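**Q** One structure coming up, written as structure tokens, with questions to follow.
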Amino acid sequence: MRTYLVTGGAGFIGSNYIHYMFRKYDNAIRIINVDALTYAGNLENLKDVENRDNYQFVKADICDRDAIAKIFAENDIDRVVHFAAESHVDRSIRTPEVFVQTNVLGTAVMLNCAKAAWELPGGGFKEGKKFLHVSTDEVYGSLPEDENAFFYETTPYDPHSPYSASKAASDLLVKAYMDTYRFPANITNCSNNYGPYQFPEKLIPLVINNALQGRKLPVYGDGKNVRDWLYVEDHAKAIDMVQEQGRLFETYNIGGHNEKQNIEILHIILETLREMLPETDPRRAHINEDLITYVEDRKGHDRRYAIAPDKIRKEIGWEPETMFQEGIRKTIRWFFDNEEWLKNAASGEYQKYYSEMYEK
Ligand code: NAD
Ligand code: TYD
131 MRTYLVTGGA GFIGSNYIHY MFRKYDNAIR IINVDALTYA GNLENLKDVE
181 NRDNYQFVKA DICDRDAIAK IFAENDIDRV VHFAAESHVD RSIRTPEVFV
231 QTNVLGTAVM LNCAKAAWEL PGGGFKEGKK FLHVSTDEVY GSLPEDENAF
281 FYETTPYDPH SPYSASKAAS DLLVKAYMDT YRFPANITNC SNNYGPYQFP
331 EKLIPLVINN ALQGRKLPVY GDGKNVRDWL YVEDHAKAID MVQEQGRLFE
381 TYNIGGHNEK QNIEILHIIL ETLREMLPET DPRRAHINED LITYVEDRKG
431 HDRRYAIAPD KIRKEIGWEP ETMFQEGIRK TIRWFFDNEE WLKNAASGEY
481 QKYYSEMYEK
């Protein structure tokens with residue numbers, strides 16, 4: 131049975147990936163999830179898998195070399211899928227150092243422990259071992275508004291935020307391991323994800339949560355920044371396909387020709403909420419465009435991201451499957467059905483972050 135070590139599996143994309151993998155492979159794989167449970171990590175996301183015999187959770191920091199080495203020593207790990215990271219651009223502008231710590235140093239620890247566990251005495255690595263580093267399209271910087279400009283795997287790195295700079299540094303470390311040691315790895319650079327279990331500091335869940343409560347919907351700058359939105363399950367599927375069908379040592383960009391201005395996203399969410407809430411729901415009364423509030427722009431705000439997923443489509447046959455209209459309805463339905471999750475996620479540390487960020 132193949133054993134996966136997933137880092138950051140209690141976060142948004144990691145937990146969706148674990149659900150996807152158990153749906154696809156059921157008892158044919160084993161997953162060990164290592165997560166430090168920062169503000170973004172939530173074991174509630176994994177409630178329905180926690181009692182499986184082929185699932186194990188280890189609470190540890192990826193910067194803790196001894197803890198990570200111990201997992202490799204006690205288990206014959208076949209695949210590493212490395213999600214764990216500090217992931218929010220706004221937080222990186224306020225507290226950059228923790229991004230360097232987790233995203234750069236943590237990745238170095240993961241690489242080093244995997245290399246030590248997998249290398250053969252005579253050189254080279256044990257057969258079939260693979261490391262997949264999950265990264266972002268933000269490492270490529272910002273595109274002009276020209277609709278024919280896209281990020282490709284060959285686009286030079288040009289990160290602007292402390293978040294994207296730390297992810298770029300971690301990508302380059304993975305590249306260095308591949309180039310120096312022929313370490314068996316892949317890198318994926320994906321566009322913005324949305325879907326169930328996303329922490330409400332990110333645009334889409336923040337807008338859903340605020341609109342349901344009749345709170346202002348903060349739009350940075352002129353609201354015309356463009357992001358390329360991908361439903362999280364499509365990302366999970368792409369990661370698995372790259373690891374199983376991709377060529378080792380290659381980078382694959384993942385995204386979906388689904389570019390939208392932020393202001394369009396707000397209008398779609400408001401419209402979909404009005405459509406989906408029952409006529410009798412009192413929240414309908416306050417869900418309208420008056421909630422939209424333009425606020426000061428994000429510092430260094432990248433104007434446009436867009437991926438041309440040509441390589442992954444041609445080589446692996448992956449394509450985004452979930453149209454935005456369907457994905458946003460599934461996401462809103464999930465938030466309707468998981469009010470308690472949202473209430474818990476949006477309490478405690480988040481309250482403090484929210485008032486420092488938006489109510490200063
Ligand atoms: P997230 O913030 O929701 O989850 C991150 C997880 O990592 C949390 O469970 C957290 O507890 C854990 N973690 C943080 N620091 C840790 C540490 N030092 N040790 C162990 N665990 C730690 O993030 P996400 O949105 O699920 O993103 C996952 C990965 O995907 C990240 O590497 C991110 O850069 C990348 N990515 C995200 C997006 C997106 O739109 N969210 C797009 C492309 C790539
Ligand atoms: P976000 O979800 O933080 O993702 P990223 O910065 O990684 O792309 O933001 C998506 C877009 O929405 C980005 O252009 C910033 C903008 N935004 C707002 O306008 N208001 C908000 O409150 C947030 C969180 C984001």
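For the sequence shown, the positions run 131 to 490 when my numbering is used. Quick reminder that beta carbons are idealized off the backbone N, C-alpha and C, glycines included. Remember, predicted model here, so these are calculated numbers, not experimental data.
1) Could you spell out the range, first to last residue, of the beta strand (DSSP E) harbouring residue 261?
2) So what does DSSP say about residue 319, is it helix, strand or coil?
3) Can you list, in chain order, the residues of its chain with a C-beta nearer than 7 Å to that of residue 380? Leave out the 5 residues immediately preceding and following it.
4) Which whole-angstrom value is the C-beta distance of residue 337 and residue 297, which I expect to be below 8 Å?
5) Ignoring anything shorter than 3 residues or poking outside the stretch 205-232, list the beta strand (DSSP E) runs there in chain order.
6) From which residue to which residue does the beta strand (DSSP E) around residue 328 run?
7) Is residue 264 near the ligand NAD, going by C-beta to nearest heavy atom under 7 Å?
8) Spatial neighbours of residue 169 within its chain, please: CB distance less than 6 Å, with the 5 preceding and 5 following residues excluded, ordered by chain position.
9) Excluding five sequence neighbours on each side, which residues of the same chain lie with their C-beta closer than 7 Å to the C-beta of residue 275?
10) By Cβ distance below 8 Å, which residues in the same chain neighbour residue 143 in space, the five residues on each side in sequence not counted?
11) My understanding is that residue 215 touches residue 173, with C-beta atoms under 8 Å, so please give their C-beta distance in whole angstroms.
12) For residue 428, does the three-state DSSP call read helix, strand or coil?
13) Near residue 417, what residues of its chain come up, given a Cβ to Cβ distance below 8 Å and the 5 sequence neighbours on each side ignored?
14) Would you kindly check if the distance between the Cβ of residue 327 and the Cβ of residue 146 is under 8 Å?
15) Hey, is residue 364 close to the ligand NAD, as in C-beta under 7 Å from one of its heavy atoms?
16) In three-state DSSP terms, what is residue 370?
17) Leaving out five residues before and five after residue 229 in sequence, what residues of the same chain have Cβ atoms less than 7 Å from its Cβ?
18) Would you identify the three-state DSSP class for residue 382, choosing helix, strand or coil?
**A** Result, derived from the coordinates:
1) Mapped onto the sequence shown, residue 261 falls at position 131. Start and end: 260-266.
2) Translated into positions along the sequence shown, residue 319 becomes position 189. Looking at residue 319 - three-state DSSP - the assignment turns out to be strand.
3) One-based indexing of the sequence shown puts residue 380 at position 250. Here the set comprises 316.
4) Along the sequence shown, one-based indexing puts residue 337 at 207. Along the sequence shown, one-based indexing puts residue 297 at 167. In fact, because the Cβ distance is near 24 Å, the residues do not count as touching under 8 Å.
5) 209-212
6) Here residue 328 corresponds to residue number 198 of the sequence shown, with the count starting at 1. That residue, residue 328, is in no beta strand (DSSP E); it is neither H nor E in DSSP.
7) On the sequence shown, residue 264 is found 134 positions in, with the first residue counted as 1. Yes, the ligand NAD has a heavy atom inside 7 Å of this Cβ.
8) As a working note, residue 169 is residue 39 in the sequence shown. Excluding residues within five positions, the ones whose Cβ falls inside 6 Å are 479.
9) Here residue 275 corresponds to residue number 145 of the sequence shown, with the count starting at 1. If we look at residue 275 and ignore the five residues flanking it on each side, its Cβ neighbours are 433 and 434.
10) Position 13 of the sequence shown, counted from the start, is the residue given in the question as residue 143. Only 213, 264, 323, 362, 365 and 366 meet the Cβ criterion.
11) Position 85 of the sequence shown, counted from the start, is the residue given in the question as residue 215. Position 43 of the sequence shown, counted from the start, is the residue given in the question as residue 173. Between residue 173 and residue 215 the Cβ distance is about 18 Å, and since that is not below 8 Å, they are no contact.
12) For this step, residue 428 is matched to residue 298 along the sequence shown. If DSSP states are grouped into helix, strand and coil, residue 428 belongs with coil.
13) Translated into the one-based positions of the sequence shown, residue 417 becomes position 287. Within the same chain, residue 417 has close Cβ partners 341, 342, 344, 400, 403, 404 and 407.
14) Position 16 of the sequence shown holds residue 146. Position 197 of the sequence shown holds residue 327. In this structure, residue 327 lies closer than 8 Å to residue 146 by Cβ.
15) What you label residue 364 is simply residue 234 of the sequence shown in a count that begins at 1. No, Cβ of residue 364 sits at least 7 Å from all heavy atoms of the ligand NAD.
16) Within the sequence shown, residue 370 is the residue found at index 240, counting from 1. Helix, per DSSP.
17) Translated into positions along the sequence shown, residue 229 becomes position 99. Only 216, 222, 292, 293 and 296 meet the Cβ criterion.
18) Start at 1 with the first residue of the sequence shown, and residue 382 comes out as number 252. Strand at residue 382.
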